[in-house]
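Read in order, the letters of the sequence shown correspond to residues 1 to 666 in the UniProt record's numbering. Just so you know, even glycine gets a beta-carbon here, dropped at the ideal spot from N, CA and C. Just so it is clear, the structure is predicted and the values come from calculations on it, not from any experiment. Written below as structure tokens is the structure these notes are about.
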Amino acid sequence: MKFPYEAARSGRLLLIGSLFIVAQLAACGGGGHDDGGDGGTPPPTTVKLKLKGAVTDAPVANAVVTVHVGDQSFAATADANGTYEADVEVDESQTGAFVSIDAKGTDGQEFVEFSSLLGSLATLASQAGGDGVLTPDENFATQVTNVSTAEAALLVRANGGNPVSSEAALKALGAAVNGQAVLDLATAIKLAVDSAAEHPLPSGFSSTLALANDADASDAFVADTQAQNPEMFAQAQASIVDDPTLTKPVVAGDIPASLTAAILSTDAGFTFNYTNRVVTYEFDQSGSGVVAGGSYNVGMHWVASGSGVAVTYNEPIRTVSYDTEDCDGTVRQVEAHYTTNGATLSLLSGRTLASKETATIHYADCPSLADRTQTTTSASTILGDDDFEQLTAGDLADTRQSFYVYDAAQQQVVADVAQLNADGSGIAMVSGEAFSWTVDAQGAVNVSFAGGVVGRYRELRAVDAFTSDLFYDLQTDDGRFVDAGASVEVDPAFATEIDVADLPGRYYQFGIGNELNPGSGTKDFRLRFDPSGTGAQENDFIDGNGNLVTVDENRDPSVAFRWVLDDNMIVVQRTFNTDNGAYNCVAGSANCVLFDQRTIIPLVDENGRYYVLERRQVATYGITAQTPTTGLIRYYDYEPLDAPAAGAAPPARVGKLAPARGPSLH
1 MKFPYEAARS GRLLLIGSLF IVAQLAACGG GGHDDGGDGG TPPPTTVKLK
51 LKGAVTDAPV ANAVVTVHVG DQSFAATADA NGTYEADVEV DESQTGAFVS
101 IDAKGTDGQE FVEFSSLLGS LATLASQAGG DGVLTPDENF ATQVTNVSTA
151 EAALLVRANG GNPVSSEAAL KALGAAVNGQ AVLDLATAIK LAVDSAAEHP
201 LPSGFSSTLA LANDADASDA FVADTQAQNP EMFAQAQASI VDDPTLTKPV
251 VAGDIPASLT AAILSTDAGF TFNYTNRVVT YEFDQSGSGV VAGGSYNVGM
301 HWVASGSGVA VTYNEPIRTV SYDTEDCDGT VRQVEAHYTT NGATLSLLSG
351 RTLASKETAT IHYADCPSLA DRTQTTTSAS TILGDDDFEQ LTAGDLADTR
401 QSFYVYDAAQ QQVVADVAQL NADGSGIAMV SGEAFSWTVD AQGAVNVSFA
451 GGVVGRYREL RAVDAFTSDL FYDLQTDDGR FVDAGASVEV DPAFATEIDV
501 ADLPGRYYQF GIGNELNPGS GTKDFRLRFD PSGTGAQEND FIDGNGNLVT
551 VDENRDPSVA FRWVLDDNMI VVQRTFNTDN GAYNCVAGSA NCVLFDQRTI
601 IPLVDENGRY YVLERRQVAT YGITAQTPTT GLIRYYDYEP LDAPAAGAAP
651 PARVGKLAPA RGPSLH
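Structure below.
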């Protein structure tokens, strides 16, 4: 199992060494051609390659297989087990042509249509070696499956709806495809094939491939299939990653020393709101290693077996996620503590890493929710140096960018704002720590902090006009921490100066509307600032009877707050009185305990969208000097107070949300 794809090699010398070259000799008997009969220009040299694989999610018997090499096609028929052999022969000049495979079912399975994208013929020939036969062990894309179909469709989508017709495009587009979306679509296709009666194709679609290639229809089909039977959907996902015909075989010697994978999404809220969506594995060939994320760094042991790598952590990994649950009749965020002891890794392709893990979940602030155990199957996208934007020092000199730093006192990563000076010096403006910075040949920003931490920062993509998806790798005395988050360019032309008279209004975290259910009619979480210096956290949900319920201080007094503007920073405080139990007393007054404080630092704003750095302390029984302070980059969309509180939300800015662990506390 080669985790990252290998660089393609091509050229005349490679072809001579790895292809069957059919050279038709000009004549038999003697070397002369003075009679002119057979002594003209010899026929062109051709190239032969045999492809072996299977058409399967479960085997598709007697499938019709078509191998496309550029604009030429070669047919084959699968046997009763779905296995096929296809012979390809093209002119030597066509070895740079792109190769793909389509397969179509027969005998009642005509609606089953799969696709797979392989690469250039020259690359496939190199992989095949001297025997000229390409097998799944050499290129797993010869397996034409529900997974390869999902990935092919998503690559076309990432290519603007245009066919992927070159190896260069195949490689370049890989980082734009969300591994979780591959697994989700492959699962829906599997259920359409294996359980056609329960999950028939939508009206107007005659094949699985036609459905997969329609972005809107396939997204809706995935959502509907999962909603119809979540347990069946989860079981189908687990069966995919356990199926050796759908996952690449493991060869221990091919496992790289380091592997980084990330859960990706095109949704801005995902970039801002989720943590621990990047993981790096360091594999030592002795069977030991290290696994690192945004909030953990632990040793591990690993064993390769079959199509999987079983990873056991030397100590449990504990993460916190603020999950939305029904707690005592109110749908709200609850503090969920996840504990995991290991994972099983497998490759759905050279780009998609699947992980199956079992976690114990404890709900720290909702005692009525019992602890439970949950096994999940997820997928992420394998990333390499070539997948990131190539930054230059000139891009960054004399700019301010939010970034992520390690707070050694708290032993956690927090957001800060970097002042990057043209002379290579800089300062983290919130913590005050100085640093030096350079940009290396890969376009990564390398930062050496005065306290000894070394950071490497990469930009994966632009999220919007102000924000990019920033990947960071921090080497600290407490270990390595790797993750990604929003980075905002603090453009002076859009700097925010707040007037206390203009502040009142509702501010919706990550935009107006529920990103997971945009058609619900809810507006979702917001902060309501009243002119009096008071306000409340507000949220809404649809109850079991289909009614819209707004949660504010009238339904839950604990969400009330007081606010002040202090040196262009908004300080929001939630309090309670230990004497009478009342909420929203004045902090500092007798018996008044401060249990939640946000300090909101505006960065830039555009047309009512405010990008901020938000520092937060939360402690149920009162904030002390030892209470940790989180630092997150967020955005809020403004709405005047006289707008409807709920029920008239515009469509949310949404994309496919992957099940990353660790959505932030509102």
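Query, Result
"Proximity to PRO504 [Cα-Cα], best of ALA536, ALA484, THR476", "ALA536"
"Boundaries (first-last residue) of the beta strand (DSSP E) holding ASP326", "308-327"
"Whole-angstrom C-beta distance between ALA450 and ASP469, which should lie under 8 Å", "Contact doesn't hold; Cβ gap of about 27 Å is too wide."
"Whole-Å CB distance - ILE633 paired with PHE270, under 8 Å assumed", "Not really, about 13 Å apart at Cβ, beyond 8 Å."
"Cβ-Cβ distance between LEU460 and ALA80 below 8 Å", "no"
"Neighbour-count burial assignment, VAL559, 16 or more Cβ in a 10 Å radius", "buried"
"Cβ-based burial, VAL144 [other Cβ within 10 Å; buried from 16]", "buried"
"DSSP-derived helix/strand/coil call for LEU391", "coil"
"DSSP three-state assignment for MET569, whether helix, strand or coil", "strand"
"8 Å Cβ cutoff met for TYR410 and PRO628", "First, the amino acid is wrong: residue 410 is Gln here, not Tyr. Taking 8 Å as the Cβ cut-off, GLN410 and PRO628 qualify as a contacting pair."
"Beta-ladder partner(s) of MET232, from DSSP", "Paired residues: none, contrary to the question."
"Three CB pairs or more closer than 8 Å across the segment 163-172 and the segment 103-122", "yes"
"Nonlocal neighbours in the same chain, by C-beta distance under 7 Å from ARG157, ignoring five residues either side", "ALA215"
"Within 8 Å, strictly: CB atoms of THR142 and LEU134", "yes"
"7 Å Cβ shell around GLN509 - same chain, five flanking residues per side excluded", "PHE525, ARG526, ARG634, TYR636, HIS666"
"Assigned exposure category for TYR404 - 16 Cβ within 10 Å defines buried", "buried"
"For ARG400 and GLU489, the rounded distance between their alpha carbons", "6 Å"
"Whole runs of the beta strand (DSSP E) within the segment 576-613, excluding any shorter than 3 residues", "592-606"
"Three-state secondary structure (DSSP) of ALA217", "helix"
"Coarse secondary structure for ALA61, derived from DSSP in three states", "coil"
"Nonlocal neighbours in the same chain, by C-beta distance under 7 Å from residue 721, ignoring five residues either side", "Past the edges of the chain, shown from 1 to 666, lies residue 721, and the structure says nothing about it."
"CA nearest to the CA of TYR322, picked from GLN72, HIS337, PRO640", "HIS337"
"THR247: first and last residue of the uninterrupted beta strand (DSSP E) it sits in", "Here THR247 belongs to no beta strand (DSSP E), and DSSP marks it neither H nor E."
"Nearest candidate by alpha-carbon position, reference ILE240, set VAL112, SER448, ASP57", "ASP57"
"Boundaries of the beta strand (DSSP E) in which LYS171 is found, first to last residue", "It is not in any beta strand (DSSP E) - LYS171 instead sits in the alpha helix (DSSP H) that spans 167-173."
"LEU154, DSSP secondary structure in three states", "helix"
"Integer Cβ distance of ARG562 from VAL586, believed to fall under 8 Å", "7 Å"
"Unbroken alpha helix (DSSP H) run spanning VAL193, endpoints", "179-194"
"N-terminal and C-terminal residue of the alpha helix (DSSP H) that ASN273 is part of", "268-273"
"Expected contact under 8 Å - CB spacing of ASN314 and SER295 to nearest Å", "Wrong, their Cβ atoms sit about 17 Å apart, outside the cutoff."
"Residue 671 (DSSP reduced to helix, strand or coil)", "The chain is shown only over 1 to 666; residue 671 falls outside these bounds and no answer can be derived."
"Alpha-carbon spacing of THR534 relative to THR575, whole angstroms", "12 Å"
"Chain-order list of residues whose beta-carbon lies under 6 Å from that of VAL331 (same chain, five-residue window excluded)", "PHE541"
"Cβ-based burial, PHE3 [other Cβ within 10 Å; buried from 16]", "Only weak support is given to the placement of PHE3: the predicted model assigns it a pLDDT of 39, under 50, and the value that follows is read from those uncertain coordinates. Its Cβ being crowded by 16 or more others within 10 Å, PHE3 is buried."
"Alpha-carbon spacing of ALA27 relative to SER73, whole angstroms", "Legend: pLDDT at ALA27 = 34, less than 50; position of this residue unreliable, no value from coordinates given."
"Spatial neighbours of LEU353 in its chain, beta-carbon cut-off 8 Å, leaving aside the 5 residues before and after", "PHE3, GLY179, LEU259, ALA261, LEU345, SER346, LEU347, ALA379, SER380, THR381, ILE382"
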